[in-house]
Every structure is written in structure tokens, then in C-alpha cells.
């Protein structure tokens, strides 16, 4: 019975790889998630009840079980209650919890090392996983909390001149404080440098995420996700625990690649995202200064336009999510299809607040897969499209990404809606998009604006089309 | 230098494991359709909740009279569990929607 725990960890590790693999295919994705969850359960139970010499109950079981119970109940309720639209911030919140967990492990471990009097003799390479877990975990925790706050609108963007330089300075300071903490040797208890590392990591987490805004938030969440993976891997190194190491490294590398893939989808490098500061105030010239006027259209006009079109493309954006308009959007699609209009959805890779956000949302309302067309496939089709209906999207259809090198989103591939015959934009007001910049598209003579809540407008549109 | 070499020697299996896992991670993600990026991110988020095991280990190792460690460890296990449970449940909810797609054709 000696190696039972190792077998439990082996099962855990294999099911993580298998689960993640299955999650990469639509038909097996849900099962993959269950497989990974099963592996996690086996690994946790193994840790609780198996020691190096077979069965044993871990000390402080009562503390551990009550914490697990509380976490399970709270986590389950939160995850069940959250609206589909608030999913991105929920993921960010849970990610932060993982980061905090990793940081706490390092804090406790360091206290133990000090108590045992080993701090003076610890080798650099044994010190590394402890301090790296602390730093990365803390940055991930604080960063995720900021991302969470920004996504649910509690926090705004914040940046100042020279911030990037300051960030670099902070990285240097964190490394210096970590070194000084090691050199301190811990003869007189926990060194102030240790607290310094924590404080600096908190500050860095804030500075790192606060200036990043706009369409870049998903990239940041994905990056922080892989940070937490690395922090977990540090724990694996620390305790020579295979399942933590494998799970952590797996997420660290998968998360990094996912981040890069997302950046590629926006035609930007990761560095550019991190220091590019999308949404910088400088470009936020007032909307009137661009000249031209917007053309407001009425529901009846739009209804006629759509009913007698032969091809309609719907461009969903964050506004659709906010207004919870996915179901009525699907109804509009069905009504139009029954009138013989071909309807497709143009999905920009970063529409919404997460890649794939729109797919998830529209899938919820039973829109079938083959109607969701990715950017590179739909762009050539716009020239043969009669009417494009933009529902709460903004930055992803902003021609400035192509024409204005000074624009913060310059270089991002966009949906070429201006190739179509007519454009109708559903929008609550003339407010700028998340990137905080003007959209010339609205001043395009082909473009009509239908102001109002997206759900409301779509409902009226459906009624109108049915009545025609 | 010796210290470094010793470290490599002692941890060689872990280093192999790490390098291989990095490649597995890259390989798993590279060919995934954009549709699944969000659930995948969320699923990966749940998997790094494995850090919970580390929290269980430190809490198990804490001395009976070291209340600071016990409290911090309990907090660690609590937030770690939040990560795991919340992560898997949220992912499941997202993927549930994909399952319901009524064949081809959209309208019910």
C-alpha cells in the first residue's frame, strides 16, 4: 500500500491532460471537464487520506474539511448563480483565488523554514520556488481582482506617464527585496524584506493591470490564468508533488499559448498588448470633432430593410451580452429565415470581453453552430451582404483600426462591415466603446443608428417584421 | 555551479516532467477552434486549482499551537476550493450550452 498516493496523483495528472485534450473539441468538451474534475477529486482525497506509507488521516483534518466544505458551498452557489454575461469576471475572480492560495502556501512555508532555523542555510534553488510562488501568486491575485473590478464596472482605467518604466522598476525592486530576504537569514524572525516582497508584488499587480483596458482584458485574464498555473507548479516543486507540478505547468504553458493565440487574433504582440495601453485618453477626442453627423433610423425602416434583404449579417458585441438580448436575437434570426432571408453571425475573435464570449452566449439561445462565422470567413462575404446589423459591438467594426495609425486599436483586424450595402447599428447612445475611442463608421453615409436598449430594439424589430 | 548541478541532479525527473508538460500544454491548445477559447480558459482555470493540494499539505504540516499558520492555511484551503469548485462548475455551465445545439438548422 506504499505507493497508493502516488497512484492517486498519477490518475489526477492523466485526467488533467486527458480532460484538457477533450475540452478542445466541441462534442467532448463537457465530458473533458468532468474528467478533469474527477482527477482533481482523486488527487485531493489521496492527499487527505494517503501518506507515504499507505492509509493515514492528514493532521488537522477538521480544519481542512471545514474549509473545503465552506469553499465548496460558496463556490458552487457563486458559479451557479452568475449570469452568463458575467462569466468573464467570474473566471477572473476564481483565478485570483488560486493565486491567493499559492501566495498563502509560500507565506506559511517561509514561516516554517524560519521556525526550523533553515533560512540561513537554504540554497538559492530551494528558496526559488517559495519566493516565486509568493510573487507570482500575489501578482495573479491582485491582478485578477483588478480585472474583476474593471469587468464589472467598479474600477476604471488608470494610467499615467512613465508607468511602464515604473513597472520595470517594480520588477527590479521585487527581485532585490527577494534577494535581501534570502541574505537576511531569518535569525531574528521574518525579515522586513519578506513583507517588502509582498507589498511590492501587490503594488505591481495593481500597476500591471490597471492601465490595460479595452479589448485587451481577455488577454490579461488569460495571462493571469497562466501565472496562477506557474505559481501552482512552484508548489509542486516545493513539495515534490507530481500532480501539482503537472497541473500547474500544463496550465502555465497552455495558458501562455492561449494568450499568444488571442494576441494573434488581434494582430498584435503580447508586449504590445501589455505596454500598448489601449484606450489611452489622448485619442479620446470629443465625438463632435470628427465632423459629419449620424443618421438616426426608425424601427420600421430597419424592419423593411431586413425583411426584403436576401442576406443579413448580425455582428454581436458586448452590448448584446449586457442587454441579455441573445434570445431575442435568435428569434429575429428565425423570423428572417422564415421570410427566406439568409442570416449569419459575424464573430470577431475578441467580441465581448473574452474570446468566444459571443459563441457561448449565442449557443445559450440555441443559435446553431454553422451560423456563427469567424472573421476571416465572413469578411469576404460582406460585399454581397444587403444589411449588416451591429448589435452592441463597437471597436471590432471601427475602421480606424485600418486607417488611423494614431488610433490605439490600429492594426487590429476588424469586420469589414462597410463593404456591405447598408449598416444598422443598435446602440444605447453615442458613447464610445470600451476602448474609449470614436468610431467613424457611425458617420458613414451607409450607416444608420437605432438608439435604445438592444433587447428592446430587437423586440420591436421582430414585432415590426412579423407585422409587415 | 556545483550547487546548480546538484539541484539539476536531484530534480531531474521533475525537470523532465516540466519540459514535457510544457510541450503537451502547447500541443493541446494549438489546434483548438476559437469557439472553445473561453471554456478552455475556464477549464484551465479550474485545473490550476490543484494548488489546493499544496494548501492542504501546509495546513496538515502546521504545528498544533501555531495559530497563525493554521488560520492562513485554512484560508488557503478555502480559496483553493473556491478556485476548484467554482472553476469546474462555471466551465460546466458554459459547455452545457454547447451540448444543447439542436443538430443543424437552428430554429426549434
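Protein chains in written order, with the working numbering: chain A, 33 to 500; chain B, 40 to 147.
Just so you know, even glycine gets a beta-carbon here, dropped at the ideal spot from N, CA and C.
Please read these numbers as outputs of a predicted model, since none were measured by experiment.
Query	Result
Hey, is residue 408(A)'s beta-carbon within less than 8 Å of any beta-carbon in chain B?	no
Beta carbons nearer than 8 Å to chain A: which residues of the stretch 118–131 of chain B have them?	118, 119, 120, 121, 122, 123, 124, 125, 126, 127, 128, 129, 130, 131
What's the call for residue 350(A), buried or exposed, on a 16-neighbour Cβ count within 10 Å?	buried
Is residue 306(A) close to chain B, meaning its C-beta is less than 8 Å from at least one C-beta of that chain?	no
Specify whether the stretch 165–181 of chain A and the stretch 233–249 of chain A touch according to this definition: at least 3 beta carbon pairs, one from each stretch, less than 8 Å apart.	yes
Output, in chain order, the set of chain E residues within a Cβ distance shorter than 7 Å of residue 51(B).	Considering every chain present, this structure includes no chain E. Its protein chains are A and B.
Using a Cβ-Cβ cutoff of less than 8 Å, which residues in the same chain neighbour residue 102(A) once the five nearest sequence positions on both sides are dropped?	none
Who are the Cβ neighbours of residue 500(A) in its own chain at under 8 Å, not counting the five residues just before and after it?	335, 336, 339
Any beta carbon of chain A sitting closer than 8 Å to that of residue 41(B)?	no
Within 8 Å (strictly less), CB to CB, does residue 44(B) reach chain A?	no
If distances are taken between C-alpha atoms only, which option among 195(A), 126(A), 459(A) comes closest to residue 354(A)?	459(A)
What residues of chain A sit near residue 48(B), judged by a beta carbon separation below 8 Å?	Simply none; closest approach about 11 Å.
To the nearest angstrom, how far is the alpha carbon of residue 59(A) from that of residue 48(A)?	18 Å
Keeping to the same chain, check which residues put their C-beta closer than 6 Å to that of residue 363(A); ignore five residues upstream and five downstream.	494
By DSSP, does residue 374(A) sit in helix, in strand, or in coil?	strand
So, for residue 359(A): in the same chain, excluding its five sequence neighbours on each side, which residues have a beta-carbon less than 6 Å away from its beta-carbon?	397
Among all the DSSP beta bridges, which residues are the ones paired with residue 454(A)?	419(A)
Rounded to the nearest angstrom, how far is the Cβ of residue 44(A) from that of residue 64(A), given a contact under 8 Å?	Not really, about 15 Å apart at Cβ, beyond 8 Å.
If we ignore side chains and look at the alpha-carbon of each, how far apart do residue 66(A) and residue 53(A) end up?	12 Å
Any C-beta of chain B sitting closer than 8 Å to the C-beta of residue 95(A)?	yes
Quick check: is the beta carbon of residue 310(A) nearer than 8 Å to any beta carbon in chain B?	Because residue 310(A) sits at a pLDDT of 46, beneath the cut-off of 50, its placement in the model cannot be relied upon, and the following sentence gives the value as read from the coordinates. Taking Cβ atoms only, chain B never reaches closer than 8 Å to residue 310(A), which makes this a no.
So which residues of chain B does residue 271(A) contact, with C-beta pairs closer than 7 Å?	93, 96
Are residue 456(A) and residue 480(A) touching if we call contact CB-CB under 8 Å?	yes
Using a cut-off of 8 Å between C-beta atoms, extract the partners of residue 294(A) located in chain B.	76
Over what stretch of residues does the alpha helix (DSSP H) that includes residue 484(A) continue unbroken?	Element bounds for residue 484(A): n/a, residue is neither H nor E.
Can you tell me whether residue 329(A) is helix, strand or coil according to DSSP?	coil
For residue 82(A), which beta-bridge partners are listed by DSSP?	87(A)
DSSP three-state label for residue 51(A), please.	helix
What is the C-beta distance between residue 176(A) and residue 80(A), in whole angstroms, given that I count them as a contact (C-beta under 8 Å)?	Between residue 80(A) and residue 176(A) the Cβ distance is about 27 Å, and since that is not below 8 Å, they are no contact.
Could you compute how far the alpha carbon of residue 254(A) sits from the alpha carbon of residue 128(A)?	12 Å
Under a CB-based cut-off of 8 Å, is residue 280(A) close to chain B?	yes
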